[in-house]
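A.B. asks: Sharing a structure below in structure tokens format, with a few things to ask.
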């Protein structure tokens, strides 16, 4: 750049001879734009009539002018270069993404096999909650009893814990000294990831493979119970007892962080937080990272552990939870049923391994399904309620289908988001009918909501239900909708959610997830055979 500037600079220098300071003897030299700096300076100093002092002054003035002029010329040179447009970025051919590993922790049990078997058999993971479930150990007994009494909803879908098969083992994943920085929602993610990676047989040791493996695990709420305990320390003026791990325990992205640190995955590290659509967004975003070439393998999903006094109370105050079935918890979550009056809070996690198709085939991995479509939209309407026209859901499903290259008639099964709320379920049902038209009303499209069995897992729901959708496709069984005794009037004739699990040929299946704030996501999976 300097040599370029030097070749562009030009000056006219006026020289007065020392014996005639008033200018009777005046000489000037003009220096051309293309004359090098060293030559210009030599021409100034070659005049014998100029004293040493004058030459020194001339040298100072010359370099001052040079610096000012070079700054101008440099700016002019740089500014003119920006007018030339950059060449377009290199074309990246879209890569196909498949699912090669699954892991689950749900109210139905710990593990994919346990959860799936209980789901298709019609079991339910919802039960009545106790004071101990509210995680208020830092509070006195009177406060605990008062809080429990104030809750209008006293049912929840809680992960079964213990050391037996199908139970979440807290001693392994949560209670050791090494896990002091790990909250329950993070522990769920670590447990699921272990199962998913074993299922995919993906434990790379080479640095380049670790650098091409990323993590995308989100959450909806995080660890509110830790925040409750910290607030209590303030009330008791014992803030110095606050754990140094408080912040790392409540950050949503720490689930993905702990997974990447445990296995050394150095690819993209991502954590979506989009309320009840979190799990679906985490999967869809990660699929695009692979398609775009950011990674070859992604560990993806959603996790949640929000059964605590403050979270339950908050949803109770928003009038979102089921309150009529406290004495019959197994019937509390009833998607699409006329008796529905709100959702049942649940907890758990779903994690899957996504992989570039050729990468999976080259290493002989088991392939469950292909991620064919990912559609997103926003309602732009209300903080908690969808618009009655269902336009947001319609856009998300339509965009997923368009991206997949399939026709709506080629989709065999839809796992609905339906949470058991009066408005949300009806709006989604209408949206499904609008998108799939005669394919839905003819009975060719199987439809169900699995939240009757699991409750609403909030940030983990999209991931867990995506796994249910994949298993329906892979095993040829569409799971039932539990507690559907009196279907909503919107359903009629052959347009009806499944009330029993159905064996059928499923080649393409969709999973819907819609969240507070009007955020919508639809995932479309298809068989690769």
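Residue numbers (UniProt numbering): 1 to 529.
C-beta: ideal position from N, C-alpha, C; glycine also.
(1) How far does the alpha helix (DSSP H) with residue 514 in it extend, from its first residue to its last?
(2) Going by the CB atoms, is the gap between residue 218 and residue 271 shorter than 8 angstroms?
(3) What first and last residue would you give for the beta strand (DSSP E) that runs through residue 445?
(4) Which first and last residues belong to the beta strand (DSSP E) in which residue 352 is found?
(5) Buried or exposed for residue 475, please, with buried defined as at least 16 other CB atoms from any protein chain shown within 10 angstroms of its CB.
(6) From the DSSP output, in three-state form, read off residue 270 for me.
(7) Taking residue 520 as part of the beta strand (DSSP E), name the residues at either end of that continuous run.
(8) Run through DSSP, which three-state label would residue 412 get?
(9) From what residue to what residue does the beta strand (DSSP E) around residue 303 run?
(10) Give me whichever residues DSSP pairs with residue 331 in a beta bridge.
(11) From residue 287 to residue 209, what does the alpha carbon distance come to, in whole angstroms?
(12) Entirely within the segment 181-249 and at least 3 residues each: give me those beta strand (DSSP E) ranges in chain order.
(13) Tell me whether the beta-carbon of residue 189 lies closer than 8 angstroms to the beta-carbon of residue 250.
(14) Taking the alpha carbon of residue 94 as the reference point, which residue from 294, 162, 157 has its own alpha carbon closest?
(15) With distances taken between CB atoms, is the gap from residue 99 to residue 353 smaller than 8 angstroms?
(16) Which first and last residues belong to the beta strand (DSSP E) in which residue 264 is found?
(17) Grab me the residues of residue 400's own chain with a C-beta within less than 7 angstroms of its C-beta, minus the 5 sequence neighbours each way, in chain order.
(18) Determine the DSSP secondary structure at residue 160, reduced to helix, strand or coil.
(19) Is residue 284 helix, strand or coil by DSSP?
(20) May I ask you to report which of helix, strand or coil DSSP gives residue 343?
(21) Does the contact criterion of 3 or more C-beta pairs under 8 angstroms hold for the segment 447-466 versus the segment 504-518?
(22) Are the segment 238-252 and the segment 325-335 touching, with three or more C-beta to C-beta distances below 8 angstroms?
(23) In chain order, what residues of the same chain lie with their CB nearer than 7 angstroms to the CB of residue 439, ignoring the 5 residues before and after it?
(24) For residue 179, I'd like the list of residues in its chain whose CB is within less than 8 angstroms of its CB, leaving aside the five on either flank, ordered along the chain.
(25) Which of helix, strand or coil does DSSP assign to residue 118?
(26) Should residue 145 be labelled buried (16 or more other beta-carbon atoms within 10 Å of its own) or exposed?
(27) With three or more C-beta pairs closer than 8 angstroms as the rule, is the segment 383-395 touching the segment 228-246?
(28) Expressed to the nearest angstrom, what Euclidean distance is found between the alpha-carbon atoms of residue 242 and residue 234?
(29) Please state if the CB of residue 496 and the CB of residue 478 are separated by a distance shorter than 8 angstroms.
(30) In terms of residue numbering, what span does the beta strand (DSSP E) encompassing residue 367 cover?
C.D. replies: Put simply:
(1) Note, residue 514: premise wrong, no alpha helix (DSSP H); beta strand (DSSP E) at 508-515.
(2) yes
(3) Premise fails: residue 445 is in no beta strand (DSSP E) and is neither H nor E.
(4) 348-356
(5) exposed
(6) strand
(7) 519-526
(8) coil
(9) 297-304
(10) Answer is none; residue 331 lacks a bridge partner.
(11) 17 angstroms
(12) 213-219
(13) no
(14) 294
(15) yes
(16) Here residue 264 belongs to no beta strand (DSSP E), and DSSP marks it neither H nor E.
(17) 373, 374, 375, 510, 522, 523, 524
(18) coil
(19) helix
(20) strand
(21) yes
(22) no
(23) 408, 409, 445
(24) 173, 187
(25) helix
(26) exposed
(27) no
(28) 9 angstroms
(29) no
(30) Neither: residue 367 is in no beta strand (DSSP E) and is coded neither H nor E.
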